[in-house]
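Engineer: Here's a structure for you.
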Amino acid sequence: MKLHFDAALCVRAKSKVSECEKCILASPDTIRLEENLPAFSHSAGVESAACIGACPTEAFSLSDFSTTEFFFSFLESKVRIISAGMNIPCVSVLSVEHFISLALSSEESIVVDLNGYQERQLLYGIIEARIDEANFILSSFCEKNIETNVDETLEKEQNETQVSSRRDFLSTATIKGAVKQKRVFDDAVQAEELQCFSIDSEMISKIRDKTLPNKRKILFTTLKRVKDINKYETLAKEDVSFVSQKYVDESCTNCQICYRVCPTGALSSNGKFSLIHFDAMLCLKCHLCHDVCESDSIHLQDGFETKEFFEPTQRVLATFDSRRCDDCGAYFTYVSGEQLCSRCLVEEEEAIFLHANAKKMKNSDEA
Numbered sequence: 000m001k002l003h004f005d006a007a008l009c010v011r012a013k014s015k016v017s018e019c020e021k022c023i024l025a026s027p028d029t030i031r032l033e034e035n036l037p038a039f040s041h042s043a044g045v046e047s048a049a050c051i052g053a054c055p056t057e058a059f060s061l062s063d064f065s066t067t068e069f070f071f072s073f074l075e076s077k078v079r080i081i082s083a084g085m086n087i088p089c090v091s092v093l094s095v096e097h098f099i100s101l102a103l104s105s106e107e108s109i110v111v112d113l114n115g116y117q118e119r120q121l122l123y124g125i126i127e128a129r130i131d132e133a134n135f136i137l138s139s140f141c142e143k144n145i146e147t148n149v150d151e152t153l154e155k156e157q158n159e160t161q162v163s164s165r166r167d168f169l170s171t172a173t174i175k176g177a178v179k180q181k182r183v184f185d186d187a188v189q190a191e192e193l194q195c196f197s198i199d200s201e202m203i204s205k206i207r208d209k210t211l212p213n214k215r216k217i218l219f220t221t222l223k224r225v226k227d228i229n230k231y232e233t234l235a236k237e238d239v240s241f242v243s244q245k246y247v248d249e250s251c252t253n254c255q256i257c258y259r260v261c262p263t264g265a266l267s268s269n270g271k272f273s274l275i276h277f278d279a280m281l282c283l284k285c286h287l288c289h290d291v292c293e294s295d296s297i298h299l300q301d302g303f304e305t306k307e308f309f310e311p312t313q314r315v316l317a318t319f320d321s322r323r324c325d326d327c328g329a330y331f332t333y334v335s336g337e338q339l340c341s342r343c344l345v346e347e348e349e350a351i352f353l354h355a356n357a358k359k360m361k362n363s364d365e366a
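What follows is the structure, given as structure tokens:
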């Protein structure tokens, strides 16, 4: 399996000021930045799977494997054990949202096998942290959780799978295969070359699209299965990595950049651009709106109210006095003075300057 990257979905493609590095933090040995976009070798594969579960917009994926298809096929099967090499390439392809959705969608407890991961390695810590966060959020409104136990039956199944794989390998390792070694070597050299990405004209239109990741759509669906919630809790913003609640302070100038670049439309406005709407459950906590805000007006709320999971609301974060420009007729945020938008004000100032300069030159010529 090879690592695949859809640059148009990456928040870094939406703005050069984006500081998102979730993929790099998850797979530091594989991914690095080249011209503000993630880059990796052609040979990158399952060893980089952690970036898939980390990416808020699902820009990363593995060839021949889909986390969405795995979710539904896993629930249809009778197996309730998630194990690398048995039914998934690597557990780290799953996000916190996937773990929550799996727990809510299954009548039986789900066990994640961590037997093949070393506790001191970064990958183990990443998987464990995601499961812990999922269980913490689940505990705020239900009794379901994701377990990480390993039993003898699982170990036996894994051993049988490994023996079968080895037999398949030995049966195909013939003399004929040796003839292909040079080609394999050449392919390996090419695979180590860095695979870089750039933004072209075709990609620009896709970047502008507002897309909700499949994992969020799945979470929406599974949350509807939860019933009889007696009370809602407020979780610290540090304890929730994939969604947030925000507020906007008085320094906001309504420059419109935040809701124009928001990848999902969590931030939006109306036809007159007179307000800023926010849908918490559409937020991916990618931090892009914060990164592009020059006045630093957007802030995370200290706590996330779990009520949003079950009763999502569109909140108004800010309102503005929106008027039509006397010159061009476009809506703009009016503060005081002439009823002209910033563009027309600049044009008026330039016209005054040019007129004054021409008058000065005329007087100089007459003298």
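Going by numbering that gives the first Met the number 0, the residue at position 128 of the sequence shown is 127; the numbering climbs one at a time, nothing skipped. Idealized CB from N, CA, C, for every residue including glycine. From a predicted model like this one, the values you see are computed outputs, not experimental measurements.
#1: Could you tell me which whole alpha helix (DSSP H) segments of length 4 or greater appear in the stretch 201–233?
#2: Are the stretch 242–254 and the stretch 285–302 touching, with three or more C-beta to C-beta distances below 8 Å?
#3: Could you work out which residue in T56, G44, M0 is closest to R11 when comparing CA atoms only?
#4: Scan the stretch 301–336 and note each continuous beta strand (DSSP E) run of 3 residues or more that stays entirely inside, going in chain order.
#5: Going along the chain, which residues of its own chain have a beta-carbon closer than 8 Å to the beta-carbon of V260, five neighbours each way excluded?
#6: Report all residues from its chain with a CB closer than 7 Å to the CB of F18; omit the five preceding and five following residues, and keep chain order.
#7: Sort F4, L339, E293 by Cα distance to V16 and report the nearest one.
#8: Please tell me whether D302 and L281 are closer than 8 Å, where the distance is taken between their beta carbons.
#9: Could you have a look at L122 and say whether DSSP puts it in helix, strand or coil?
#10: Going by the DSSP bridge assignment, what does A25 pair with across the sheet?
#11: Does the Cβ of G52 have 16 or more other Cβ atoms within 10 Å, making it buried, or fewer, making it exposed?
#12: Any idea if L193 is buried or exposed, counting beta-carbon neighbours within 10 angstroms, 16 or more meaning buried?
#13: With which residues is R31 paired in a DSSP beta bridge?
#14: Okay, do the stretch 307–314 and the stretch 341–357 touch, 3+ Cβ pairs below 8 Å being the bar?
#15: Taking the alpha-carbon positions, what's the T66 to P212 distance?
#16: Have a look at I217, E307, D295 and flag the residue whose alpha-carbon is nearest the alpha-carbon of F277.
#17: Specify, as a first and last residue, the run of the alpha helix (DSSP H) that D290 falls within.
#18: Would you check if the stretch 36–48 and the stretch 82–92 touch, i.e. whether three or more CB-CB distances between them fall below 8 Å?
#19: What residue from Q300, L36, F4 has the CA that sits closest to I60's CA?
#20: Nearest by alpha-carbon distance to A102: which of Q117, L121, E142, I125 is it?
Structural biologist: On the basis of the supplied data:
#1: Counting only runs of 4 or more, we get 213–222.
#2: Taking a contact to require three or more Cβ pairs closer than 8 Å, the stretch 242–254 and the stretch 285–302 qualify as touching.
#3: T56
#4: 302–304, 313–318, 321–323, 330–332
#5: K13, S14, L287, C288, V291
#6: Here the sequence assigns Glu to residue 18, which means Phe is not the residue at that position. Cβ neighbours of E18 beyond the five flanking positions: H286, D290.
#7: Ranked by how close their Cα comes to the Cα of V16, the residues F4, L339, E293 have E293 in first place.
#8: Correcting the residue identity first, residue 302 is Gly in this sequence and not Asp. Not closer than 8 Å, so no.
#9: helix
#10: Under DSSP, A25 shares a beta bridge with no residue.
#11: buried
#12: exposed
#13: A38
#14: no
#15: Those two C-alpha atoms are separated by around 11 Å.
#16: Nearest of I217, E307, D295 to F277, Cα basis: E307.
#17: 287–291
#18: yes
#19: For the record, residue 60 in the displayed sequence is Ser; it is not Ile. The shortest C-alpha separation from S60 is found at F4.
#20: E142
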